[in-house]
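Worksheet for the structure shown next.
Numbering (our numbering), first residue to last: 22 to 221.
Structure (structure tokens):
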């Protein structure tokens, strides 16, 4: 029986202890400034004088909250300074990265231009222009070669014709000389014959 009484007493008192522990946990857990001001308001007393309601706050609680407010302000200012310094360093880093990105972009453009260009007499020209100039030179040289071959053949034909004409002229000359020599010999014989006739 005694055990039953103790058991019933424990059952009845357990919810009361639980509620009290929850209230204490809530009061201790709300350490924000808003929570502290709410606790201060709950702990304060009030009275009326001349129809105006006044709240009476203990000076110790007010000083504690004031210190907490100043600590929060100092912490916030410190965080603001740290964040400002972080933002400044991030801005500087971003500017540095943007500068490096611009340099890299410029270098890439330069390398791309050099890759897509050829040096022609010390001047960078695009590959298309270089190919056009190169093929123009090759075509010009080819036309010059064809012209040279054409002129050479014409000259060769003229030379062969001149050689043939010269050979014909030389042949005619030899024929003429031979006839002239024969005529001269014939005339010489006739003259000798006449001279021989006259001597007889």
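Backbone N, C-alpha and C define an ideal beta-carbon position, used for all residues, glycine too. Source: prediction; values computed, not measured.
Assuming residue i and residue j form a contact by the criterion Cβ under 8 Å, report the distance between their Cβ atoms to the nearest whole angstrom.
i, j, result
"residue 54", "residue 98", "In fact, because the Cβ distance is near 15 Å, the residues do not count as touching under 8 Å."
"residue 145", "residue 138", "4 Å"
"residue 142", "residue 151", "Their Cβ separation, rounded to whole angstroms, is 11 Å, which puts residue 142 and residue 151 out of contact at 8 Å."
Can you look up residue i in the DSSP assignment and give me helix, strand or coil?
i, result
"residue 141", "strand"
"residue 53", "coil"
"residue 167", "helix"
"residue 46", "Only weak support exists for where residue 46 lies, its pLDDT of 48 falling under 50; the coordinates are left without a value."
Please report the distance separating the alpha-carbon of residue i from that of residue j.
i, j, result
"residue 214", "residue 193", "30 Å"
"residue 205", "residue 211", "10 Å"
"residue 66", "residue 80", "12 Å"
"residue 203", "residue 216", "19 Å"
"residue 153", "residue 167", "21 Å"
"residue 101", "residue 60", "28 Å"
"residue 58", "residue 109", "36 Å"
"residue 259", "residue 111", "Absent from the model: residue 259. The displayed extent of the chain is 22 to 221, so no value can be given."
"residue 83", "residue 72", "25 Å"
"residue 176", "residue 208", "46 Å"
"residue 62", "residue 86", "12 Å"
"residue 158", "residue 127", "34 Å"
"residue 163", "residue 198", "51 Å"
"residue 183", "residue 160", "34 Å"
"residue 124", "residue 148", "25 Å"
"residue 187", "residue 196", "14 Å"
"residue 25", "residue 64", "40 Å"
"residue 156", "residue 172", "24 Å"
"residue 179", "residue 134", "55 Å"
"residue 107", "residue 77", "44 Å"
"residue 70", "residue 56", "28 Å"
Could you tell me which residues DSSP pairs with residue i in its beta bridges?
i, result
"residue 76", "67"
"residue 147", "138"
Scan the segment 81 to 145 and note each continuous beta strand (DSSP E) run of 3 residues or more that stays entirely inside, going in chain order.
-> Segments of the beta strand (DSSP E) lying fully in the segment 81 to 145: 138 to 141.
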